[in-house]
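Contents: one structure, followed by commentary.
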Amino acid sequence: MEKLSIHTEKLHIRNLMQADLNDFHTYRSNPEVTKYQGFDVMTLSEASEFIARQEDKLFGKPGEWVQYAIENKETGRLVGDCAIKLNGSDERIAEVGMTISHLHQKKGYAKEAFSGIMDFLFAGHNIHRIVETVDAENRASISLLESLGFRQEGHFIENIFFKGSWGSEFQYALLRREWLAR
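So that you can map any letter, position 141 of the sequence shown is 140 in numbering that gives the first Met the number 0, and since no number is skipped, the others follow by simple counting.
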């Protein structure tokens, strides 16, 4: 296992730290940002506790989600965060989640961060497949996945009771050979 550090042109993906707290809380407390996420809005103390649980985690433990900061290299400020989980039954399969601050959306950060993570996983860690589950109403995430070459493999109708109502999800996936052939 290792400390994760991914550099792209504009971004540094690294472990969260308490210095990120204010930026992290700014978007994690926004109901529009958390609308399609598996978490709800956070108080400042919840955000601090969350960071404390994540900041020393290492990449590579199968079955464990680890949340990472997405930092703008130029400003040194958080623009969002992402999570990576290696499948508990087969560590050659990964899942990635991403949250971009409402203050930094529509600037290409999600695509750049996701591309950097895919290079890291596919080229650097011999991951065979990345799977993504996304709310069927989350058009921004669906567009992002499709722009990166992910294909829709499943449509689950009202399969999850989520924030007080039944929701439907799509499953997307991309294979290592498909990413490397791009």
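Note that the Cβ used here is the ideal one computed from N, Cα and C, for glycine as well.
Helix, strand or coil: how does DSSP classify Glu73 here? Position 74 of the sequence shown, counting from 1, holds the residue named residue 73. Coil at Glu73, not helix or strand.
Taking just the CA atoms, how far does Glu90 sit from Asn21? Mapped onto the sequence shown, residue 21 falls at position 22. Mapped onto the sequence shown, residue 90 falls at position 91. When rounded, the distance between both Cα atoms is 34 Å.
What residues are listed by DSSP as bridge partners for Phe169? Your numbering for residue 169 matches position 170 in the sequence shown. Its beta-bridge partners are Val133, His154.
Suppose the cutoff is 8 Å on Cβ atoms and the five residues either side in sequence are ignored; what does the same chain contact list for Arg76 look like? Stepping through the sequence shown from its first residue, residue 76 is reached at position 77. For Arg76, where only same-chain residues beyond five positions count, the Cβ hits under 8 Å are Asp22, Glu70.
Inspect the CB distances between the segment 167-177 and the segment 121-130 and report whether three or more fall short of 8 Å. Taking 8 Å as the limit for Cβ pairs, the verdict is that the segment 121-130 does touch the segment 167-177.
Gly79 (DSSP reduced to helix, strand or coil): Residue numbering aside, residue 79 sits at position 80 when the sequence shown is read from its first letter. Reduced to three states, the DSSP call for Gly79 is strand.
Sub-8 Å separation of Ser100 and Val40 beta-carbons: Translated into positions along the sequence shown, residue 100 becomes position 101. Translated into positions along the sequence shown, residue 40 becomes position 41. Going by C-beta atoms, Ser100 is not nearer than 8 Å to Val40.
Does the distance from the CB of Asn14 to the CB of Glu54 come in under 8 Å? Start at 1 with the first residue of the sequence shown, and residue 14 comes out as number 15. Start at 1 with the first residue of the sequence shown, and residue 54 comes out as number 55. For the 8 Å CB-CB criterion, Asn14 and Glu54 form a contact.
State the start and end residues of the unbroken beta strand (DSSP E) segment that holds Asn14. Start at 1 with the first residue of the sequence shown, and residue 14 comes out as number 15. Segment 10-14, the beta strand (DSSP E) holding Asn14.
Rounded to a whole number of angstroms, what is the C-alpha to C-alpha distance between Glu265 and Ser167? A query on residue 265 cannot be resolved here, the shown segment of the chain reaching from 0 to 181 and no further.
Residue range of the beta strand (DSSP E) that includes Ile116: Position 117 of the sequence shown, counting from 1, holds the residue named residue 116. Not the beta strand (DSSP E): Ile116 falls in the alpha helix (DSSP H), residues 108-123.
Pull up the distance between the alpha-carbon of Arg181 and that of Pro30, whole angstroms please. For the purposes of this step, residue 181 is identified with residue 182 of the sequence shown, where counting begins at 1. For the purposes of this step, residue 30 is identified with residue 31 of the sequence shown, where counting begins at 1. The straight-line gap from Cα to Cα measures roughly 36 Å.
Could you check what DSSP says for Arg175 in three-state terms: helix, strand or coil? Taking the first residue of the sequence shown as 1, we reach residue 175 at position 176. Arg175: helix per DSSP, three-state reduction.
Looking at C-alpha atoms only, which residue of Tyr108, Phe119, Leu120 is the closest neighbour of Ala139? For the purposes of this step, residue 139 is taken as residue 140 along the sequence shown, with counting starting at 1. Nearest of Tyr108, Phe119, Leu120 to Ala139, Cα basis: Tyr108.
Starting from the Cα of His154, find the closest Cα among Ala135, Phe160, Val78 and give me that residue. As a working note, residue 154 is residue 155 in the sequence shown. Sorting Ala135, Phe160, Val78 by C-alpha distance to the C-alpha of His154 places Ala135 at the top.
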